[in-house]
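Counting in the numbering used here, the sequence shown runs from 222 upward without gaps. Every residue gets a Cβ at the ideal spot worked out from N, C-alpha and C, and that includes glycine. One structure is given here, and the rest of the page talks about it.
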Amino acid sequence: MASHFAAHDSQYERLSRSNYKPQTAHRGHRGNNNGRRHHSHVGLVIGLVIVAIVAVCGACAFQLYRSAMTAKGHAEDMVTELSTLKEAVKSGDTEALNNSVNTIVEDSDALNVEVTSPLWKLAANLPVVGEDVRSVQTLGAASSALVNDALVPIAQSVSGKKLSDIMHDGSFDVETISSVVAAVDQATPTIEGTLDTIDSLPEAHIPQLASAIEKVKTQTTQVRDALAKAKPILDVLPQMLGANGQTRTYLVIAQNNSELRSTGGLPGSWGTVTINNGTLTMGDFTTILHESGLKVDITDEERNAMATNMDTDPAQVNCDPDFVRVGELARDYWAQTGGGNVDGVIAIDPVFLQRLVALTGSITAPDGATLDGTNTAQALLSDVYWKYGDDGDAQDAYFASVAELAFKSVLSNLGSASIKDLKDVYKKSAADGRLLVWMNDQGEEQVMQELGVAGGLSTDPATPVLGVYLNDDSYSKLSWYTQAGTTIDGGTKNADGTTTYNVTTTLTNTITPEEAASAPIYIYGGNADKRNNSDMLHFVYFIAPAGGTITNFSASDGLIFTDYGVNEAALSGLQFIRVRTHLRSGESGTFTYQVTVPAEATQPLALRTTPLAQESLMSNSAPATATE
222 MASHFAAHDS
232 QYERLSRSNY
242 KPQTAHRGHR
252 GNNNGRRHHS
262 HVGLVIGLVI
272 VAIVAVCGAC
282 AFQLYRSAMT
292 AKGHAEDMVT
302 ELSTLKEAVK
312 SGDTEALNNS
322 VNTIVEDSDA
332 LNVEVTSPLW
342 KLAANLPVVG
352 EDVRSVQTLG
362 AASSALVNDA
372 LVPIAQSVSG
382 KKLSDIMHDG
392 SFDVETISSV
402 VAAVDQATPT
412 IEGTLDTIDS
422 LPEAHIPQLA
432 SAIEKVKTQT
442 TQVRDALAKA
452 KPILDVLPQM
462 LGANGQTRTY
472 LVIAQNNSEL
482 RSTGGLPGSW
492 GTVTINNGTL
502 TMGDFTTILH
512 ESGLKVDITD
522 EERNAMATNM
532 DTDPAQVNCD
542 PDFVRVGELA
552 RDYWAQTGGG
562 NVDGVIAIDP
572 VFLQRLVALT
582 GSITAPDGAT
592 LDGTNTAQAL
602 LSDVYWKYGD
612 DGDAQDAYFA
622 SVAELAFKSV
632 LSNLGSASIK
642 DLKDVYKKSA
652 ADGRLLVWMN
662 DQGEEQVMQE
672 LGVAGGLSTD
682 PATPVLGVYL
692 NDDSYSKLSW
702 YTQAGTTIDG
712 GTKNADGTTT
722 YNVTTTLTNT
732 ITPEEAASAP
742 IYIYGGNADK
752 RNNSDMLHFV
762 YFIAPAGGTI
772 TNFSASDGLI
782 FTDYGVNEAA
792 LSGLQFIRVR
802 THLRSGESGT
812 FTYQVTVPAE
822 ATQPLALRTT
832 PLAQESLMSN
842 SAPATATE
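Okay, here's the thing in structure tokens:
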């Protein structure tokens, strides 16, 4: 800048020497000449001051512009690196995570060096634009706090760790998980404070700055929301994994979708997983279906609605579509068998197991067959019954053995899978009801609800859910051949604010006459009401959304048992409809009805239904936004 000023001074000296001419004195006007000369000098001085100011301002503006471009570059690099960081988190690549955080720290520090320089401090005092300059400085300070007080501690909590280090050989690194929990706790106030700071910024005069502020806010909000989703499970995860010397025991139930129940299928195999300080110990899988003298308490409402003996028969316990109740009743059944108390109940099915096997590697079944991510479900839900015929004990033993082997293999190799793949399996399995979890601790149960795996009936009128559930009544494994789908239209708004949806539920029996004729009775079933071997019998439950109704209910000819009819009741305060259906080989039947949701509903009508044995035979469609 000094050389810039010197250039102007030299120019002035040259101009002065070339233009200066002595004034000739005129008698009688000496005083006036002196005045003009004085004013001329003053004007010249003022002009020089103006030139100097312009020069200084010009130089400062140029330097500020260069600094602003540098700061902009660092900010853009930070935004770009945040995308890399997100991918590192998704993949579980802690090395990439730390590299991204280090890069962000460097850019954040460099950004703050720029915006806290004397030049920026000077610009901050200018009218109008100074307010925007101060906003940039505030953003710089906020980003520095976000990086150093949030991202860095979280990255440090997993420094040098891979997912395989945290989950390996059937154990969890509780110490590292607890460190992550502490880091997230530390980060949360900083993130919230950053968002509050951004929200308090005045409206920017420069459009580019306004856009930049919005981008920063969006990124920060995404980080906040991601941590908000993770924090509930992080808060309870250490204790669920037996931290601090605790011992936690969970009952695992393998549901058999070839004999459908509301929440999935026949609860044929039961076993426990014990966790102490992150180390898992798996007990033997067995069955309690044939034990006598068992009795649990159910309500009169449950007895009337479902018309099953689920209070004395563990095989019927999950006819109840409310997994919160299923978990409680399963806990009580297990305790009566001498299995002891459990802290929670986890229900899975072979399709969920197959999804995990696809991530963790194939297993070898007792018969030598290789089961992988494509055939595990079919082996457990169909092939075993054709192989062992009517030898129920051999079938149960095979099912329990494979379920146990698969579960142990998954637990031992879970750390080799990517976080993204694990997340995808979890989300899909929670959504279609193939993973259900009930916790005895109310705080932990609340977290399960927030995570979408609790499987309880929705009682919130704002988020209406229609329930359609299937329960085998063939005493068979014919449900492998069940095809089902429910279609809900876009809905029509009514004058009173309610919305009415037209709904169709279709059932199809896909077993061929040849398969039915050659199948063992264990597959086609022994219910005396069957008209032939292929005849497929089901109890079907329809549950209205909270605050809503099911009306104009009808079925295609021959679908419902004539002597059974349509039975209405209530369950958890919700309208409950029960029918009994039968379909022979190749036959389809259709239910049509209308579902009206209350004016309080803020979401379109959703559907919860029984997960079938074959994913390809499920065809459900969600509604669009309701039309006026």
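For His759: DSSP bridge partner residues: Mapped onto the sequence shown, residue 759 falls at position 538. According to DSSP, His759 bridges with Asp693, Thr802.
Nearest to Thr817 (by Cα), restricted to the options Ala827, Asp662, Val350: In the sequence shown, counting from the first residue as 1, residue 817 sits at position 596. Nearest option by C-alpha distance: Ala827.
Rounded C-alpha distance that separates Asn773 from Tyr814: The sequence position of residue 773 within the sequence shown is 552, counting from 1. The sequence position of residue 814 within the sequence shown is 593, counting from 1. About 5 angstroms.
Nearest-angstrom beta carbon gap, Thr680 and Gly794 [assumed within contact, 8 angstroms]: Residue mapping note: residue 794 aligns to position 573 of the sequence shown, counting from 1. Residue mapping note: residue 680 aligns to position 459 of the sequence shown, counting from 1. Right, their Cβ atoms sit about 7 angstroms apart.
Cβ-Cβ distance between Ile412 and Val473 below 8 angstroms: On the sequence shown, residue 412 is found 191 positions in, with the first residue counted as 1. On the sequence shown, residue 473 is found 252 positions in, with the first residue counted as 1. Not in contact: Ile412 and Val473 (Cβ atoms no closer than 8 angstroms).
Lys751 burial status per 10 Å Cβ neighbour count (16 or more: buried): Along the sequence shown, one-based indexing puts residue 751 at 530. Flag for Lys751 reads buried.
Backbone CA spacing between Lys452 and Thr409 [nearest angstrom]: For the purposes of this step, residue 452 is taken as residue 231 along the sequence shown, with counting starting at 1. For the purposes of this step, residue 409 is taken as residue 188 along the sequence shown, with counting starting at 1. Approximately 9 angstroms, taken between the alpha carbons.
Rounded separation between Thr770 and Lys382 - CA only: Locating residue 770 in the sequence shown gives position 549, counting from the first residue. Locating residue 382 in the sequence shown gives position 161, counting from the first residue. Looking at the two C-alpha atoms, the distance is approximately 52 angstroms.
8 angstroms Cβ cutoff met for Leu580 and Asp642: Taking the sequence shown and counting its residues from 1, the one referred to as residue 580 is at position 359. Taking the sequence shown and counting its residues from 1, the one referred to as residue 642 is at position 421. Taking 8 angstroms as the Cβ cut-off, Leu580 and Asp642 qualify as a contacting pair.
Gln835 to Tyr743 span [Cα, whole Å]: Residue 835 sits at position 614 when you count from the first residue of the sequence shown. Residue 743 sits at position 522 when you count from the first residue of the sequence shown. The alpha-carbon atoms of Gln835 and Tyr743 are separated by roughly 19 angstroms.
Coil, strand or helix - His250 by DSSP: For this step, residue 250 is matched to residue 29 along the sequence shown. Only weak support is given to the placement of His250: the predicted model assigns it a pLDDT of 44, under 50, and the value that follows is read from those uncertain coordinates. Note: His250 maps to coil in three-state DSSP.
Supposed close pair Pro766, Pro832 - CB separation, criterion 8 angstroms: Along the sequence shown, read from residue 1 onward, the residue named residue 766 stands at position 545. Along the sequence shown, read from residue 1 onward, the residue named residue 832 stands at position 611. 20 angstroms between Cβ atoms; not a contact.
Contact set for Leu448: own chain, Cβ-Cβ below 8 angstroms, skip 5 residues either direction: Within the sequence shown, residue 448 is the residue found at index 227, counting from 1. Within the same chain, Leu448 has close Cβ partners Val405, Ala408, Thr409, Ile412.
Span of the alpha helix (DSSP H) around Glu789: Translated into positions along the sequence shown, residue 789 becomes position 568. Not the alpha helix (DSSP H): Glu789 falls in the beta strand (DSSP E), residues 788-792.
Selected residue, minimal CA-CA separation from Asp521, among Ser338, Leu804, Pro844, Ala790: By 1-based counting over the sequence shown, the position of residue 521 is 300. For Asp521, the nearest C-alpha among the options comes from Ala790.
For Asn841, the three-state DSSP class (helix, strand or coil): Here residue 841 is taken as the residue at index 620 of the sequence shown, counted from 1. DSSP places Asn841 in coil when its eight states are reduced to three.
Ala331 - containing alpha helix (DSSP H), residue span: On the sequence shown, position 110 is the one that residue 331 refers to. From DSSP, the alpha helix (DSSP H) with Ala331 extends over 315-336.
Within the stretch 695-769, ranges of the alpha helix (DSSP H) (whole runs, at least 4 residues): 734-739, 742-745
Sequence-distant residues of its chain with Cβ nearer than 7 angstroms to Val395 (five each side left out): Walking along the sequence shown from the start, residue 395 turns up at place 174. Once the five neighbours on either side are set aside, the close Cβ partners of Val395 are Pro459, Leu462, Ala464, Asn498, Gly499.
Sub-8 angstroms separation of Phe620 and Val605 beta-carbons: In the sequence shown, counting from the first residue as 1, residue 620 sits at position 399. In the sequence shown, counting from the first residue as 1, residue 605 sits at position 384. Cβ distance < 8 angstroms, so Phe620 and Val605 count as in contact.
Contact check, Met527 vs Val538, beta carbons under 8 angstroms: Taking the sequence shown and counting its residues from 1, the one referred to as residue 527 is at position 306. Taking the sequence shown and counting its residues from 1, the one referred to as residue 538 is at position 317. No, the pair does not count as a contact, with Cβ atoms beyond the cut-off.
Close beta carbons around Asn319, own chain, < 7 angstroms, minus the five adjacent residues each side: Within the sequence shown, numbered from 1, the residue matching residue 319 stands at position 98. Once the five neighbours on either side are set aside, the close Cβ partners of Asn319 are Ala376, Ser380.
Ala850 classed as buried or exposed, judged by whether at least 16 other C-beta atoms fall within 10 angstroms: In the structure as shown, the chain begins at 222 and stops at 849. Residue 850 is therefore absent and cannot be evaluated.
Coarse secondary structure for Ala834, derived from DSSP in three states: Here the question's residue 834 lines up with position 613 in the sequence shown. In the structure shown, Ala834 sits in coil (DSSP, three-state: anything other than H, G, I, E or B).
Cβ shell of Phe812 (< 6 angstroms), same chain only, five flanking positions each side left out: In the sequence shown, residue 812 corresponds to position 591, counting from 1. Same-chain partners within the cutoff: Thr726, Ala776.
One or two residues paired with Pro488 in a DSSP bridge: Working through the sequence shown from its first residue, we reach residue 488 at position 267. DSSP lists Gln476 as partners of Pro488.
Same chain only: Cβ atoms within 6 angstroms of Arg482, ignoring 5 sequence neighbours per side: Mapped onto the sequence shown, residue 482 falls at position 261. The residues are Asn539, Cys540, Asn692.
Within the stretch 601-625, ranges of the alpha helix (DSSP H) (whole runs, at least 4 residues): 605-609
For Gly486, the nearest candidate out of Gly664, Lys438, Ala598 (CA to CA): For the purposes of this step, residue 486 is taken as residue 265 along the sequence shown, with counting starting at 1. Cα-wise, what sits closest to Gly486 is Ala598.
Candidates Ser304, Asp778, Ser630, Phe573, of which the one nearest Leu602 by Cα: Position 381 of the sequence shown holds residue 602. The shortest C-alpha separation from Leu602 is found at Phe573.
Given Ser321 as reference, the closest of Trp341, Asn525, Val300, Leu340 once Cα atoms are compared: Position 100 of the sequence shown, counted from the first residue, corresponds to residue 321. Taking only the C-alpha atoms, the option nearest Ser321 is Val300.
Which of helix, strand or coil DSSP assigns to Ser421: For this step, residue 421 is matched to residue 200 along the sequence shown. Looking at Ser421 - three-state DSSP - the assignment turns out to be helix.
Coil, strand or helix - Thr245 by DSSP: In the sequence shown, counting from the first residue as 1, residue 245 sits at position 24. Note that Thr245 scores a pLDDT of 40, beneath 50, so its modelled location is shaky; the value from the coordinates is reported in the next line. Note: Thr245 maps to coil in three-state DSSP.
Three or more C-beta pairs below 8 angstroms linking the stretch 491-510 and the stretch 430-438: no
Nearest-angstrom beta carbon gap, Ser806 and Asn730 [assumed within contact, 8 angstroms]: Residue mapping note: residue 730 aligns to position 509 of the sequence shown, counting from 1. Residue mapping note: residue 806 aligns to position 585 of the sequence shown, counting from 1. Asn730 to Ser806, Cβ: 6 angstroms. Contact.
Own chain, CB closer than 6 angstroms to His389, minus 5 neighbours either side, in chain order: As a first step, residue 389 is located in the sequence shown; it is residue number 168 there, counting from the start. Cβ within range, chain order: Gly636.
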